[in-house]
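Engineer:
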Amino acid sequence: MQIFRAMTCRKSSDKRIANIFGGLLFLLIVYMVSAEPVRAADHQTRNLDQQQCATCPVPEIPRWGLAEITASHVIHTPLSELPDKPQQGTDPLNLYAIAEAGDHYVTILDGDSLELLSRIKSRFALHGDAQYSPDGRYVYLASRDGWVSKYDLHSFKPVAEIRVGVNTRNIAVSSDGKWVMAGNFLPHSLVVLHADDLRLYRVIEVSDGNGTTSPVSAVYDAKPRTSFVVALKDMKEIWELSYDPDAAPIYGNFVHSFRKGQVEGVVVDEQPFGVRRIKVIDYMDEFFFDPAYAEVIGFARNAKKALVYNLDARRRVGELNLSGKPHLGSSIVFEYEGRTVMATPHLSEAAVSVIDMENWETVKRIETLGTGFFMRSHVKTPYAWVGVFSGENRDVVQVIDKRTLEIVKTIRPEPGKTATHVEFTRDGRYIFVSVWDIDGALVIYDAATLEEIKRIPMHKPSGKY
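Number 1333 in our numbering belongs to position 438 of the sequence shown; there are no gaps in the numbering.
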């Protein structure tokens, strides 16, 4: 009997444990099912917040200075271990780096054979144009989270990396191939690197000297001036920083004589990379330059128009009557009826504006099927290509005849999928268009016939440089 009672008690206890366990398992399943949409929504919200607040103010500017940058420096392949010649027998000046945002790779394409040569694993979320050494041997890439990477295009090996900031806008390589400058959104700084191995040279705080700092909108190499030009988001200034080894130092406001060897003035910044400030009347954070890099055109944020400043005179010399927020960074220059003109798409209007660069008057406004983002042409082609990028016609690229300023062809590389970032090969024979989708493609067109000649599957290809 005692044995029976013990067995009954044990069975009852086991049953209670099983019931408790079953109940807990049920609650866990319910929680997981109910929590999954919450997690998914939270993930989407975070992504949306990150997209919407990429330019939002932060409570405190994060620190990423000399010590942090120096500690992040990595040499992957010493220069002494790299080959002397291209291993593929290709022309380094006709290789293209194609960023695939879908899986964070960079594909190297031969512009002569139109064949893929290599796929390089990149840092997360590359941003800004890929930059090249003057001889085309090395390519430099920047990621949104501050990493600058250097790759050798003879061997397709990584050379070096360094983290220059928390949020980086873009990089530029000096025309002499000696320097790389990175512009940071966070912290508010410019970072100068030695181009050979990306070791740190200098960190420059972006400040007006009176307590106001600014994120960097973009850095540009001005080859004819042997300098970098910097666009600033929250300061009404344009900065120019020379890398010319013979550049004079930066003097204060009162200089008696600039004659060599007889300068009378107060030096406020030494070279190289002394900051030459150009005061502007509005915030200007996207630039386009005339071919000589003597004048810079920027969109005035508050005035809602484009302003022209002469970099030598350091004063405003014109303005453009442009509405619809022109995407000046994607503008092109060409000759039309004996005069030099620029053409720019608009981010909020379905049009391309053509501007006379002598008097800054509008020559023609070309209506398109949607707002534009990327526009490209080449000196050896009579055509300019512009992508719509957004809206119901985001799958469209339109071709403009530069001789007549008329649209001559509308192309849909992949109906229903975004077509973006058009780019010509070095010789102007071919043009690349990205189908910006996870199951996208690089579509190659003959620049003369405007017909498709090749299609290469890729994972959300974006920039081609």
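Built from N, CA and C at the ideal position, the CB exists for glycine as well.
Would Thr985 be called buried (16 or more neighbouring beta carbons within 10 Å of its own) or exposed?
Structural biologist: Thr985 should be labelled buried.
Engineer: What span of residues does the alpha helix (DSSP H) with Ser967 cover, start to end?
Structural biologist: Element bounds for Ser967: 961 to 967.
Engineer: Terminal residues of the continuous beta strand (DSSP E) containing Arg1097?
Structural biologist: From DSSP, the beta strand (DSSP E) with Arg1097 extends over 1095 to 1100.
Engineer: Answer with buried or exposed for Ile1306, where buried requires no fewer than 16 other C-beta atoms within 10 angstroms of its C-beta.
Structural biologist: So Ile1306 counts as buried.
Engineer: As a quick exercise: from Thr1299, Phe1080, Val1303, Gly1169, pick the residue whose alpha carbon is nearest that of Thr1063.
Structural biologist: Answer by Cα proximity: Phe1080.
Engineer: Could you check how far apart the C-beta atoms of His1354 and Ile1333 are, in whole angstroms? I think they sit under 8 Å.
Structural biologist: Their Cβ separation, rounded to whole angstroms, is 6 Å, which keeps His1354 and Ile1333 in contact under 8 Å.
Engineer: Let me make sure I understand the geometry here. Which of Asn1065, Arg1120, Arg1210 has the alpha-carbon closest to that of Val1087?
Structural biologist: The shortest C-alpha separation from Val1087 is found at Asn1065.
Engineer: Can you give me the C-alpha to C-alpha distance between Glu1253 and Ala1245, rounded to a whole angstrom?
Structural biologist: Their Cα atoms are separated by approximately 25 Å.
Engineer: Within its chain, find whatever has a CB closer than 8 Å to the CB of Leu1300; leave out the 5 residues flanking it on each side and keep chain order.
Structural biologist: Excluding residues within five positions, the ones whose Cβ falls inside 8 Å are Tyr1231, Val1249, Val1258, Lys1259, Ile1261.
Engineer: I'd like to know if Ile970 contacts chain C, where contact means its C-beta is closer than 9 Å to some C-beta of that chain.
Structural biologist: Going by chain labels, chain C is absent from the structure shown, which holds only one protein chain.
Engineer: In whole angstroms, what separates the C-alpha of Leu1127 from that of Met1179?
Structural biologist: So the alpha carbons of these two residues sit roughly 7 Å apart.
Engineer: Taking only three categories from DSSP, how would you classify Pro1356?
Structural biologist: The answer is strand: DSSP assigns Pro1356 an E or B state.
Engineer: Under the rule that 16 or more other beta-carbon atoms within 10 Å means buried, what is Pro1356, buried or exposed?
Structural biologist: That one is buried.
Engineer: For Met1076, which beta-bridge partners are listed by DSSP?
Structural biologist: In the DSSP output, where bridge partners are listed per residue, Met1076 has Ala1067, Val1087.
Engineer: What are the boundary residues of the beta strand (DSSP E) that includes Ser1044?
Structural biologist: 1042 to 1047 is the span of the beta strand (DSSP E), which, as asked, contains Ser1044.
Engineer: Per DSSP, Pro1240 is paired with what?
Structural biologist: Pro1240 pairs with Val1247.
Engineer: Is Lys1200 helix, strand or coil by DSSP?
Structural biologist: Strand at Lys1200.
Engineer: Let me confirm a value: Thr1107 is counted as buried when at least 16 other C-beta atoms fall within 10 Å, else exposed. Which label applies?
Structural biologist: Exposed, since its Cβ has fewer than 16 Cβ neighbours within 10 Å.
Engineer: Where DSSP assigns a beta bridge to Lys1016, which residues make up the other side?
Structural biologist: In DSSP, Lys1016 forms a bridge with Tyr1000.
Engineer: Can you find at least 3 beta carbon pairs, one from the stretch 1050 to 1061 and one from the stretch 964 to 977, that sit closer than 8 Å?
Structural biologist: As far as the Cβ criterion goes, the stretch 1050 to 1061 touches the stretch 964 to 977, which means the pair count is three or higher.
Engineer: To which residues of the same chain is Val1236 closer than 8 Å at the C-beta, ignoring the five residues directly before and after it?
Structural biologist: Counting only Cβ-Cβ distances below 8 Å, and skipping sequence neighbours, we find Val1228, Phe1229, Glu1230, Val1249, Ile1250, Asp1251, Met1252, Val1258.
Engineer: Where do the N-terminal and C-terminal ends of the beta strand (DSSP E) with Asp1180 fall, by residue?
Structural biologist: Note, Asp1180: beta strand (DSSP E), 1179 to 1184.
Engineer: Less than 8 Å between the CB atoms is what I'm expecting for Trp959 and Pro1082, so what's the real figure, rounded?
Structural biologist: With 8 Å as the limit, Trp959 and Pro1082 qualify as a contact, their Cβ atoms being about 5 Å apart.
Engineer: Just mark Gly1335 as buried or exposed, buried being the case when its beta carbon has 16 or more other beta carbons within 10 Å.
Structural biologist: Looking at its Cβ environment, which holds 16 or more other Cβ atoms inside 10 Å, Gly1335 is buried.
Engineer: Would you kindly report the start and end of the unbroken beta strand (DSSP E) that includes Ser1112?
Structural biologist: It spans 1111 to 1117 - the beta strand (DSSP E) in which Ser1112 sits, taken as one unbroken run.
Engineer: Please name the residue in Glu1346, Asp1296, Val1291 whose C-alpha comes closest to that of Leu1329.
Structural biologist: Sequence inspection shows Ser at residue 1329; the Leu mentioned does not correspond to that position. The residue with the shortest Cα to Cα distance from Ser1329 is Val1291.
Engineer: Between Tyr1027, Gly1358, Val1317, which lies nearest to Trp1072 when the distance is taken from Cα to Cα?
Structural biologist: For clarity, residue 1072 is Gly in the given sequence; the question names Trp instead. Taking only the C-alpha atoms, the option nearest Gly1072 is Tyr1027.
Engineer: What does the alpha-carbon distance come out to for the pair Pro957 and Gly1323?
Structural biologist: For Pro957 and Gly1323, the distance between alpha carbons rounds to 44 Å.
Engineer: Measuring only the C-alpha atoms, how far is Asp1139 from Ser1285?
Structural biologist: Distance between the alpha carbons of Asp1139 and Ser1285 is about 42 Å.
Engineer: Between Arg1321, Glu1256, Thr1239, Tyr1278, which lies nearest to Thr1266 when the distance is taken from Cα to Cα?
Structural biologist: Checking every option, the nearest Cα to that of Thr1266 belongs to Thr1239.
Engineer: List the residues that DSSP assigns as beta-bridge partners of Phe1229.
Structural biologist: Answer by DSSP bridge pairing, in chain order: Val1236.
Engineer: What separation, rounded to the nearest whole angstrom, lies between the Cα atoms of Ala1279 and Arg1271?
Structural biologist: Rounded to whole angstroms, Ala1279 to Arg1271 spans 6 Å at the Cα level.
Engineer: Take the Cβ of Asp944 as the centre, count every other Cβ of all protein chains shown within 10 Å, and call the residue buried at 16 or more, exposed below.
Structural biologist: Below a pLDDT of 50, predicted positions are generally treated as unreliable, and Asp944, at 37, falls in that range; no measurement from the model is reported.
Engineer: With burial defined as no fewer than 16 other Cβ atoms inside 10 Å of the residue's Cβ, what is the status of Glu1318: buried or exposed?
Structural biologist: Result: buried.
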